[in-house]
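The next block holds one structure in the form of structure tokens; read it before the comments.
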Amino acid sequence: MEDHRELQLLPNTASATRLAAWRSDSSGSSISKVIESFEGPSLDLQLSISLQPVTKGSSDCVIRRPFREFNDAKIDLNCIEALKWQAAEQIRLAAVEKAYAEKVREMTRREMELAQSEFARARYMWERAREEVEKAERLKEKATRQIDSKCMEITCQACRQSFRP
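This is the structure in structure tokens:
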């Protein structure tokens with residue numbers, strides 16, 4: 004006999020009580036109730052591991068009736084108004100998000116321009132510093148050559164050694 008391990012997703016206790024209440028609710032024809040809130044079974048599941056043999060056709064976790072039944076002849080005007088208001092609200096929110104995105108894009112563009120100008124200024128300062136270093140090195144070389152020539156003019160060997168680096 005071979006052991007089969009079974010993994011099941013079971014609803015937690017709070018959602019199981021809501022599921023039982025939802026199954027017993029037979030007044031599914033109210034459209035405004037559907038729009039306001041969905042009181043269906045929770046999708047908050049817990050993992051259960053068992054060492055029992057796998058059984059097929061577990062009917063406890065299957066919903067056998069349709070979620071809601073709609074009758075096209077009984078569409079409520081309040082439902083239509085609610086949908087229109089919801090669409091208008093979504094359009095307004097999309098416009099606000101678009102304006103925010105434009106503002107962020109403009110701020111980013113300004114920051115990029117500022118960063119580019121600061122980079123150009125830093126490059127200019129680096130070039131000037133490099134030129135000054137080169138100038139200082141040329142002056143050092145010139146001073147070394149002058150000291151060498153003065154060193155040659157001194158006849159005393161001991162004095163000549165003191166001037167040489």
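Numbering (our numbering), first residue to last: 4 to 168.
Virtual Cβ for every residue (Gly too), placed ideally from N, Cα, C.
*asked:* Quick check on residue 79: does DSSP put it in helix, strand or coil?
replied: Taking the sequence shown and counting its residues from 1, one reaches residue 79 at position 76. The answer is coil: DSSP assigns residue 79 none of H, G, I, E or B.
*asked:* Measuring only the C-alpha atoms, how far is residue 153 from residue 144?
replied: On the sequence shown, residue 153 is found 150 positions in, with the first residue counted as 1. On the sequence shown, residue 144 is found 141 positions in, with the first residue counted as 1. Near 14 Å, if we compare the C-alpha coordinates of residue 144 and residue 153.
_Spatial distance of residue 89 from residue 122 (CA atoms)_ = Walking along the sequence shown from the start, residue 89 turns up at place 86. Walking along the sequence shown from the start, residue 122 turns up at place 119. Their Cα atoms are separated by approximately 48 Å.
*Using the C-alpha atoms, what's the distance from residue 104 back to residue 97?*
Walking along the sequence shown from the start, residue 97 turns up at place 94. Walking along the sequence shown from the start, residue 104 turns up at place 101. Going by the C-alpha atoms only, they are around 10 Å apart.
*Rounded to whole angstroms, what's the CA-CA distance from residue 91 to residue 124? Just pull it up for me.*
Counting from 1 along the sequence shown, the entry for residue 91 is found at position 88. Counting from 1 along the sequence shown, the entry for residue 124 is found at position 121. Roughly 49 Å between the two C-alpha positions.
*Starting from the C-beta of residue 139, find all residues in its chain whose C-beta is less than 7 Å away, skip the five residues before and the five after it, and write them out in chain order.*
The sequence position of residue 139 within the sequence shown is 136, counting from 1. None.
*asked:* Runs of 3 residues minimum, wholly inside the stretch 91-130: which ones carry the beta strand (DSSP E) assignment?
replied: none
_8 Å Cβ shell around residue 106 - same chain, five flanking residues per side excluded_ = Along the sequence shown, read from residue 1 onward, the residue named residue 106 stands at position 103. Around residue 106: no qualifying Cβ.
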